[in-house]
Structure formats: structure tokens, C-alpha cells
Amino acid sequence: MGTLTVGIVMMRWELLSAFLMFCTSQLNIVCRQSSRNTMAFVCSGLGLTVTCFFVMSLMGMTYNAAAIAQFWSMTKDVFFDVMSKTPTDMPFYY
Numbered sequence: 027m028g029t030l031t032v033g034i035v036m037m038r039w040e041l042l043s044a045f046l047m048f049c050t051s052q053l054n055i056v057c058r059q060s061s062r063n064t065m066a067f068v069c070s071g072l073g074l075t076v077t078c079f080f081v082m083s084l085m086g087m088t089y090n091a092a093a094i095a096q097f098w099s100m101t102k103d104v105f106f107d108v109m110s111k112t113p114t115d116m117p118f119y120y
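Pasting the structure below:
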């Protein structure tokens, strides 16, 4: 019984994340069926965020404000580098 209790206490954030992923998935389905596309989009974004948090916590990855700022800075640099190498007459399909 003690092992079960310790396991639940140690996994509390992962269990909460899994529960939130389930809830956002169900809300997304309900919103899509009732043609509430904006709410479905919000639920999808929330589900994606919770999923990323869940995976990062399972992998033992930690994050802080400096790491997030560095990630977005590097993402911006790579985006502008790729876009500068894109030909100007490249067709974009919409």
C-alpha cells in the first residue's frame, strides 16, 4: 500500500497531464461536432501544450526562462536563414 501511495505521489504531474490530455481531446471532439471551430482550435492548442509538458516531464527535461528564450532565438535565426535562401520566384501553394 505504501508503494502504491509513493508511486502516485511521485507521478502526480504526469497523471495530471494525462488527465488534461484526455479532457482536451474530449472537448475538441465535442466542439468539432457542434461546429465551434474556435473552441476546438483552443482545445487543440491546450492539448498540444499539455502533451509537450507531459513528454518533457517523462524524459526528465527541465526548462526555465533562459532556455525558452534561447530556443526561440535559435528558432528565429534558423527561420530567417532558411527564408533568405528561398528563391524569390518559388511558388507557394495556398
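Okay, so the sequence shown: first residue is 27 according to my numbering, each after it adds one. Positions of the beta carbon are idealized from the N, C-alpha and C atoms, including for glycine. All figures in this text were calculated on a predicted structure; none of them were measured in a lab.
- By the neighbour-count criterion, in which 16 or more other beta carbons inside 10 Å mark a residue as buried, Asn54 falls on the buried side.
- Leu46 is positioned such that its CB atom lies closer than 7 Å to that of Val76.
- Counting every other CB atom within 10 Å of its CB across the protein chains shown gives Cys69 a total of 16 or more, marking it as buried.
- Pairing Ile94 with Asp107, the inter-Cα distance amounts to about 20 Å.
- Assigned with DSSP and collapsed to three states, Asn63 falls in helix.
- Look at Asp107 here: in three-state DSSP terms it is helix.
- In the assembly as shown, Gly73 is a buried residue. Its beta-carbon has 16 or more other beta-carbons within 10 Å.
- Taking the CA atoms as reference points, Thr114 sits about 44 Å from Ser43.
- Annotated three-state conformation of Gly71 is helix, per DSSP.
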